[in-house]
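The next block holds one structure in the form of structure tokens; read it before the comments.
Residue numbers (the working numbering), protein chains in the order written: chain A, 3 to 430; chain B, 2 to 176; chain C, 5 to 445.
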């Protein structure tokens, strides 16, 4: 039966990750860790600063991609099952991200006490331990919800494959399909599970990331506040997640072929990027124009320092150029968004811009000397996080198929269509 | 009226019959075709090999024009009668950007409409010879421009594809 | 949808436009009476001055601006459904977008009245428009009120344009079936439409671009309206979250109004095959989303009011919760963010009476929200000696009711003169008649 073939195909298309790439990412991780520990000896503030920026960046990217998968599920999307699965894959980094949150305990005092000394009014709410606990709880909640959402998604895959003995048994597969009651029952059960958990992810995400922004970024400045800052941050993180997703999808296309990750899916992803480009800019602008017009010193000092004073002005304008203006111009062309290389460069530009965004939000609040802390420490720590992120993603990739056959009817139609057109999927 | 344009109009109940007719007529060399339908169908456009609509360029030009107008209007008028309001600079770009944005959208929209009307050759004063009210309801029509001598050929081609009724252009349908 | 044919779609939708009965004329009469009373109240205002309203220092904006923001808000869901859902290729929007767009256009006609009404000397309203006065003085482009003029005017023009462009193919159908003076008007509106491939081709292209332009426009319009407040330094108004908060609130109230009108249309004209339970349910789900965003905004505003250590900001917040306007405040919290959560329960969001009731409550709540924001913000500003109250007079209330009557007048006329459901788009959503399938039957 045709559908059966496609389902088997989806397991056969499991991308292999060559040992060379695993070694490269492993090396990045170890170098990063080494550089970080060195930095702690040389200049702890700089080291921890870099750590915070990268923690928010990489964790945000992973979470944003999972949130995309949750939204895709809730709205009943059909245009890109493989894109959804690529997004789900980023969940593998979330537990690692949570573990990486824990060391921040050692630096929250360093970050928050200058602000607290200048403005003690918020009292116990800004006790570093309280911030750590509530941040940790929020992150734990997001991680657990995200993991369970993806669990139900892959359970269907693995259960089906185990029934047909398509893959050798592993402890992970055993654990995932524990209590498997046959395809028909599980289909319903897992769909229901995904419905509930996707809603959970989507409800928890804005609140968690709002408070991450308020506690870990906004609180670094003793006086500044902006009610939209939380909303701005979770939109920015989602935008970042989409950029990461674009990168991953293009790389996947290279692996599994353009009949699985099709040009029209890339084009749709490009459109989403355009839409959230504008949304992101609207969030930036809504804060800027209100603060500009009110002209209240306690609000404007934050913006002026970052937008109009050197050296931070370069960073802010780069953020806008890389994350907003250039991607906007590129995304206007319909044909461009179908080309993998262009979508990839969109992802790179946006990700780079948003890294600098987190940099320019955090560093000027903490760094009070004249130099600009951008060098081997920041790049090293970033490389370390990239290594961790990559290795986690490889873990997921090697175990679960890129085409979620549970939603394969749409994808099968694509595969059949492309087969008719003479394209064939790449066999790894 | 019926003499000024020569051609035949076939009416079809089904879309695939219409598409088949288009294909066969094009192969036979009859390239001046006009399809009439109650709903748009991208397959019809593909069968007729239509190029991408140039309306997009009207939109682009409109947006650029609006952008330019916005900047010119706000900056020139502020400099002409400089008055400090609210302690803001005479040429204050942030608020002006909002005006620029609105005018960009306004002009873009107006020129898009203009582009559509121009390209679609609307408004049309008289109804064309091929049109019959049922083509807006539930039937599809295909108008083929051909000389009198070709009427037989075209008629048989249309009938083969499944046309239900074939009329000369401009002839009123029965009813 | 059960298997409908093209001709059946024509029949069902055009049936709504047949000659009205006694119920319609009664509604129309009541509407005209209320409208007349509203016009009388406005005339009274012009005659006696704005003092006949409840406005007094320091509350110099109250129900006038509440109504303005309310109606601009209502306008937003139409563009959401017709433009934004179009770009996302959401199929179910086809049979409801015409009504939603009509709501947009008429709500804008209503909203546009208030900048004129709220002037003490409405005959000089043209001073708002950008032109050169004596000596070369133009309007103050730096002012949010002028941004408003541009935003609302642009929105009105683009919405009307979008509305009429979408109507053109339908007007051809109506033109074909009418006679006399009606036929001439419909023929004009149809612009000679014949449904040729050339016409459809460019029409579709234009539609996509208009939708793409309308999307950022609709976000910007209510952001600009929110900046009427946020650009000031009034405690409780000066808040960066206002733009997305207002946009979400606008869509929230707009969807509620659209649901209300769709349910009434569906019931009255037996359009169940077109405005299905699924449509209403999907709208209800969108309301959950906007309700949650509005609830988020309430929570964050509360947090920031405390976090900011800004004494006037905090006292204004406590005033909202416990002061003279506490009842509207709690209505706002309850109806806007808590009541819509009932839609999480499938039984409720699939029940028409519940949908109708909750939609009406949401609209009441959203009106209250604008009232609370504006009036409590102004009533309790920085100097305690200048605190004061706004108490609505019969003139305020009459004008408010008159505006509702104005809106419903347009809607009543719309039902009878234009197809309330887009005939062409509904046909587009049906599977096209294929010979291969017909052969099987």
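Even glycine gets a Cβ: it sits at the ideal position worked out from N, Cα and C.
Owing to the predicted nature of the structure, the values given are computational and were not obtained by experimental measurement.
Less than 9 angstroms between the beta carbons of residue 50 (chain A) and residue 118 (chain A), yes or no? Stepping through the first chain from its first residue, residue 50 (chain A) is reached at position 48. Stepping through the first chain from its first residue, residue 118 (chain A) is reached at position 116. Their beta carbons are not under 9 angstroms apart, which means residue 50 (chain A) does not touch residue 118 (chain A) by this criterion.
Reduced DSSP category for residue 60 (chain C) - H, G, I as helix; E, B as strand; rest coil: What you label residue 60 (chain C) is simply residue 56 of the third chain in a count that begins at 1. Residue state, collapsed to three classes: strand.
Check whether the stretch 200-213 of chain C and the stretch 109-123 of chain B touch, using three or more Cβ-Cβ pairs below 8 angstroms as the test. Output reads yes: the stretch 109-123 of chain B touches the stretch 200-213 of chain C.
At least one CB of chain C closer than 9 angstroms to the CB of residue 57 (chain B): is that the case? For this step, residue 57 (chain B) is matched to residue 56 along the second chain. So, interface residue.
Since residue 216 (chain C) is in the beta strand (DSSP E), which residue starts that stretch and which ends it? Counted from its first residue, the third chain places residue 216 (chain C) at position 212. Unbroken run through residue 216 (chain C) is the alpha helix (DSSP H), 201-234; no beta strand (DSSP E).
For residue 100 (chain C), I'd like the list of residues in its chain whose CB is within less than 8 angstroms of its CB, leaving aside the five on either flank, ordered along the chain. Looking up residue 100 (chain C) in the third chain gives position 96. Same-chain partners within the cutoff: 85, 262, 266, 279, 283, 287, 425.
Nearest CA to the CA of residue 416 (chain C): which residue from C:394, C:268, C:333, C:430? Position 412 of the third chain, counted from the start, is the residue given in the question as residue 416 (chain C). For residue 416 (chain C), the nearest C-alpha among the options comes from C:268.
Alpha carbon to alpha carbon, what distance is there between residue 410 (chain C) and residue 109 (chain C)? Here residue 109 (chain C) corresponds to residue number 105 of the third chain, with the count starting at 1. Here residue 410 (chain C) corresponds to residue number 406 of the third chain, with the count starting at 1. Those two C-alpha atoms are separated by around 12 angstroms.
Less than 9 angstroms between CB atoms is the rule here; does residue 51 (chain B) satisfy it with respect to chain A? Here residue 51 (chain B) refers to the residue found at position 50 of the second chain. For residue 51 (chain B), the answer is no, since every Cβ of chain A falls outside 9 angstroms of its Cβ.
For the stretch 69-97 of chain B, which residues have a beta carbon sitting closer than 9 angstroms to at least one beta carbon of chain A? 87, 88, 89, 93, 95, 96
Quick check on residue 283 (chain A): does DSSP put it in helix, strand or coil? Taking the first residue of the first chain as 1, we reach residue 283 (chain A) at position 281. Here residue 283 (chain A) sits in helix by DSSP.
Looking only at its chain, what residues have a beta carbon closer than 6 angstroms to the beta carbon of residue 191 (chain C), apart from the 5 residues adjacent to it on each side? The residue labelled residue 191 (chain C) in the question sits at position 187 within the third chain. Cβ neighbours of residue 191 (chain C) beyond the five flanking positions: 179.
Going by DSSP, what residue range makes up the alpha helix (DSSP H) through residue 362 (chain C)? Within the third chain, the letter at position 358 stands for residue 362 (chain C). Note, residue 362 (chain C): alpha helix (DSSP H), 356-383.
Taking 7 angstroms as the limit between beta carbons, can you name the residues of its chain near residue 297 (chain C), skipping five residues before and five after? Position 293 of the third chain, counted from the start, is the residue given in the question as residue 297 (chain C). Cβ neighbours of residue 297 (chain C) beyond the five flanking positions: 252.
Quick check on this structure: which residue in C:418, C:309, C:441 has the alpha carbon closest to the alpha carbon of residue 107 (chain C)? The residue you call residue 107 (chain C) lines up with position 103 of the third chain. Nearest option by C-alpha distance: C:418.
Label residue 340 (chain C) either buried or exposed according to how many other C-beta atoms from any shown protein chain fall within 10 Å of its C-beta, with 16 as the threshold for buried. As a first step, residue 340 (chain C) must be located in the third chain, where it is residue number 336. Per the 10 Å Cβ criterion, buried.
Taking the alpha carbon of residue 255 (chain A) as the reference point, which residue from A:345, A:108, A:402, A:357 has its own alpha carbon closest? Here the question's residue 255 (chain A) lines up with position 253 in the first chain. Selected option, being the one with the closest Cα: A:345.
Between which two residues does the beta strand (DSSP E) harbouring residue 12 (chain B) extend? Looking up residue 12 (chain B) in the second chain gives position 11. Run containing residue 12 (chain B): 8-13, per the beta strand (DSSP E) assignment.
What would DSSP say about residue 35 (chain B), mapped onto helix, strand or coil? As a first step, residue 35 (chain B) is located in the second chain; it is residue number 34 there, counting from the start. Residue 35 (chain B): strand per DSSP, three-state reduction.
For residue 68 (chain B) and residue 97 (chain B), what's the separation of their Cα atoms in angstroms? Against the second chain, residue 68 (chain B) aligns to sequence position 67. Against the second chain, residue 97 (chain B) aligns to sequence position 96. If you take the alpha carbons of residue 68 (chain B) and residue 97 (chain B), they lie about 11 angstroms apart.
Length of the line joining the Cα atoms of residue 296 (chain A) and residue 266 (chain A): The count along the first chain starts at 1 and reaches residue 296 (chain A) at position 294. The count along the first chain starts at 1 and reaches residue 266 (chain A) at position 264. C-alpha separation (whole angstroms): 45 angstroms.
Between residue 86 (chain C) and chain A, is the shortest Cβ-Cβ distance under 9 angstroms, so that the two count as touching? To locate residue 86 (chain C), count along the third chain from 1; it is residue 82. So no, residue 86 (chain C) is outside the interface.
Compare the C-beta of residue 72 (chain A) against all C-beta atoms of chain C and say whether one is closer than 9 angstroms. Translated into positions along the first chain, residue 72 (chain A) becomes position 70. Not one chain C Cβ lies under 9 angstroms of residue 72 (chain A).
Should residue 196 (chain A) be labelled buried (16 or more other beta-carbon atoms within 10 Å of its own) or exposed? Counting from 1 along the first chain, the entry for residue 196 (chain A) is found at position 194. Buried is the call here.
Beta-ladder partner(s) of residue 167 (chain B), from DSSP: By 1-based counting over the second chain, the position of residue 167 (chain B) is 166. B:11, per the DSSP bridge assignment.
Have a look at the DSSP bridge pairing and note the partners of residue 145 (chain B). Your numbering for residue 145 (chain B) matches position 144 in the second chain. Note: residue 145 (chain B) sits in a beta bridge opposite B:9, B:34.
Output yes if chain B places a C-beta closer than 9 angstroms to the C-beta of residue 294 (chain A); else output no. If you number the first chain from 1, residue 294 (chain A) lands on position 292. For residue 294 (chain A), the answer is yes, since a Cβ of chain B falls inside 9 angstroms of its Cβ.
Would you tell me roughly how many angstroms separate the C-alpha atoms of residue 16 (chain A) and residue 391 (chain A), rounded to the nearest one? Working through the first chain from its first residue, we reach residue 16 (chain A) at position 14. Working through the first chain from its first residue, we reach residue 391 (chain A) at position 389. Distance between the alpha carbons of residue 16 (chain A) and residue 391 (chain A): 19 angstroms.
Could one say the Cβ of residue 421 (chain A) lies closer than 9 angstroms to chain B's Cβ atoms, at least one of them? For the purposes of this step, residue 421 (chain A) is identified with residue 419 of the first chain, where counting begins at 1. Residue placement at residue 421 (chain A) is poorly supported in this model, since its pLDDT is 46, which falls under 50; the coordinates are not used for a value here.
Of the residues C:153, C:258, C:174, which one's Cα is nearest the Cα of residue 430 (chain C)? For this step, residue 430 (chain C) is matched to residue 426 along the third chain. Checked all of C:153, C:258, C:174; the closest Cα to residue 430 (chain C) is C:174.
Determine, for residue 45 (chain B), whether the minimum Cβ-Cβ distance to residues of chain A falls below 9 angstroms. Mapped onto the second chain, residue 45 (chain B) falls at position 44. No, residue 45 (chain B) lies away from the interface with chain A (no Cβ there is under 9 angstroms from its Cβ).
Enumerated in chain order, which unbroken segments of the alpha helix (DSSP H) with a length of 4 residues or greater are wholly contained in the stretch 91-154 of chain C? Complete alpha helix (DSSP H) runs here, min 4: 101-115, 117-121.
According to DSSP, simplified to helix, strand and coil, what is residue 214 (chain B)? Examination of residue 214 (chain B) is not possible in this model, given that chain B is present from 2 through 176 alone.
Spell out whether any CB of chain C is found under 9 angstroms from the CB atom of residue 122 (chain B). Taking the first residue of the second chain as position 1, residue 122 (chain B) is located at position 121. It does; some Cβ of chain C falls within 9 angstroms.
Report the option in C:400, C:436, C:399, C:392 whose CA atom is closest to the CA atom of residue 62 (chain C). Residue mapping note: residue 62 (chain C) aligns to position 58 of the third chain, counting from 1. Of the candidates C:400, C:436, C:399, C:392, the one whose C-alpha sits nearest the C-alpha of residue 62 (chain C) is C:392.
Environment of residue 14 (chain A) [buried if 16+ CB atoms lie within 10 Å]: By one-based count along the first chain, residue 14 (chain A) stands at place 12. Looking at its Cβ environment, which holds fewer than 16 other Cβ atoms inside 10 Å, residue 14 (chain A) is exposed.
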